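According to the working numbering, the residues represented by the sequence shown are 4 to 260, in order. Each residue gets a CB set at the ideal place from its N, CA and C atoms; glycine is no exception. Fair warning: this is a prediction, and the values are worked out from it, not measured in the lab. Beneath this line is the structure, given in structure tokens, with notes to follow.
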Amino acid sequence: MGMLVLVGFLAFFVASLVVGIRLVLLWTRTRELPELLIGIGVLGIGPVGFGSQRVAQIIVSNARAADPDAAVPAAAMALTLIGVTTAVIGVVCKLFFNTRVYHADNVLVGRLMWAGVAGLTGLLVYRIAVGDVNPSLMPSAVANVQSFAQIGVLLWGSVEALIYWRRMQRRTNLGLADPAVTNRFLLWGIGAGAAGVGSLVGTAAALITGQQMADAGWIVISSSAHGLVAAIALSLAFIPPPSYLRWVRRHVGKTPA
4 MGMLVLVGFL AFFVASLVVG IRLVLLWTRT RELPELLIGI GVLGIGPVGF
54 GSQRVAQIIV SNARAADPDA AVPAAAMALT LIGVTTAVIG VVCKLFFNTR
104 VYHADNVLVG RLMWAGVAGL TGLLVYRIAV GDVNPSLMPS AVANVQSFAQ
154 IGVLLWGSVE ALIYWRRMQR RTNLGLADPA VTNRFLLWGI GAGAAGVGSL
204 VGTAAALITG QQMADAGWIV ISSSAHGLVA AIALSLAFIP PPSYLRWVRR
254 HVGKTPA
């Protein structure tokens, strides 16, 4: 079971790292803002944000296993600070992405986006100012607010992608859209949804049980499983093997919308 859990976490880390870097590199050629936003969003929330905080928890666990009274290592504190900061940057980028791609002309959504950006920035500054970045403690109320904001942005992006996928599917059935592009929206919706649901389960369970994710086996298993689903969806969406693209072009758009 431990190996299966490790596979899920590693798959999510590697897939989001590769996809994020590829999207940022794509932006250097296209200079299109959506590629940059989603690339930073994937990197910030996934391998850098989540990865840094997870490594910090492991460092603390190892230190406490050797000496239960040991102070929190400075490296763990630094990694948590990096993880928290980059995760907020990732969420902000996804806020911009969701607004620009799906609601570019909606003034109300734009104002709500800026309110979200201001709120997240304020919470981050507050956490840094009061030292609320200790990986050995249960998340504070402010940290939980940030977590639920991240979950909300992920699930919002998932719903928007799936709605857009249905619209694109109708166009694909009429021969007006590329099946591979249409399928990418479906995969992005699944990947963002899996990441959001996994985070929701972990955050909600921690609040209910009073246990950190690393201390509750079933929460770790759930997070790993959702991470594996997200990794598969991200990989197929942005670095699909030729065989998968051939399958998509043969089958997507062949059924009535």
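Classification of residue i by the beta-carbon crowding that lies within 10 angstroms, buried from 16 upward
| i | result |
| --- | --- |
| Ser246 | exposed |
| Glu35 | exposed |
| Leu177 | exposed |
| Gly213 | exposed |
| Leu140 | exposed |
| Pro244 | exposed |
| Arg169 | exposed |
| Gly125 | exposed |
| Arg57 | buried |
| Leu237 | buried |
| Ile211 | exposed |
| Val63 | buried |
| Val133 | exposed |
| Val156 | buried |
| Leu179 | exposed |
Chain-order list of residues whose beta-carbon lies under 6 Å from that of residue i (same chain, five-residue window excluded)
| i | result |
| --- | --- |
| Asn186 | Val251 and Val255 |
| Ala59 | Ala79, Leu82, Thr83 and Pro138 |
| Arg249 | none |
| Val45 | Ser19, Val22 and Gly23 |
| Val232 | Ala197 |
| Ser55 | Leu82, Ile85 and Gly86 |
| Arg253 | none |
| Ile193 | Ala236 |
| Pro50 | Phe16, Ser19 and Leu20 |
| Pro2 | Past the edges of the chain, shown from 4 to 260, lies residue 2, and the structure says nothing about it. |
| Leu165 | Gly192 |
| Leu127 | Val91 |
Contacting residues, own chain, Cβ-Cβ under 8 Å from residue i (five flanking each side not counted)
| i | result |
| --- | --- |
| Ile154 | Gly199, Ser202, Leu203 and Thr206 |
| Phe241 | Val22, Arg25, Leu26 and Arg187 |
| Asp135 | Tyr129, Ser143, Val145 and Ala146 |
Unbroken alpha helix (DSSP H) run spanning residue i, endpoints
| i | result |
| --- | --- |
| Val162 | Ala144 to Asn176 |
| Ile131 | Val110 to Val133 |
| His254 | Pro245 to His254 |
| Glu38 | Leu36 to Leu46 |
| Pro182 | Pro182 to Thr212 |
| Phe53 | Segment: none, Phe53 is in no alpha helix (DSSP H) and carries neither H nor E. |
| Ala79 | Ala77 to Tyr105 |
Cβ-based neighbour list, residue i, same chain, cut-off 7 Å, excluding 5 preceding and 5 following
| i | result |
| --- | --- |
| Thr102 | Val112, Gly113 and Met116 |
| Leu239 | Leu190 and Tyr247 |
| Gly47 | Thr89, Ala90, Ile92, Gly93 and Cys96 |
| Gly230 | Gly11, Phe12, Ala14, Phe15 and Gly201 |
| Ala66 | Ala73 and Pro76 |
| Val163 | Before going on, a small fix: residue 163 reads as Glu here, not Val. Here the set comprises Asn101 and Tyr105. |
| Leu98 | Met116, Gly119, Val120 and Val156 |
| Trp159 | Asn101 |
Any non-hydrogen atom of the ligand HEM closer than 8 Å to residue i Cβ
| i | result |
| --- | --- |
| Ser225 | What this structure holds is no ligand at all, so the ligand HEM is not there to describe. |
Original post:
Is there contact here, the segment 64-71 with the segment 120-129, by at least three beta-carbon pairs under 8 Å?
Top reply: no
Original post:
Are there three or more Cβ pairs, one per stretch, closer than 8 Å when the segment 13-32 is compared with the segment 99-111?
Top reply: no
**OP:** Count the CB pairs spanning the segment 144-163 and the segment 171-179 that are closer than 8 Å, and state whether there are at least three.
**Re:** no
**OP:** Decide if the segment 39-47 is in contact with the segment 16-24; the criterion is three or more beta carbon pairs, one per stretch, under 8 Å apart.
**Re:** yes
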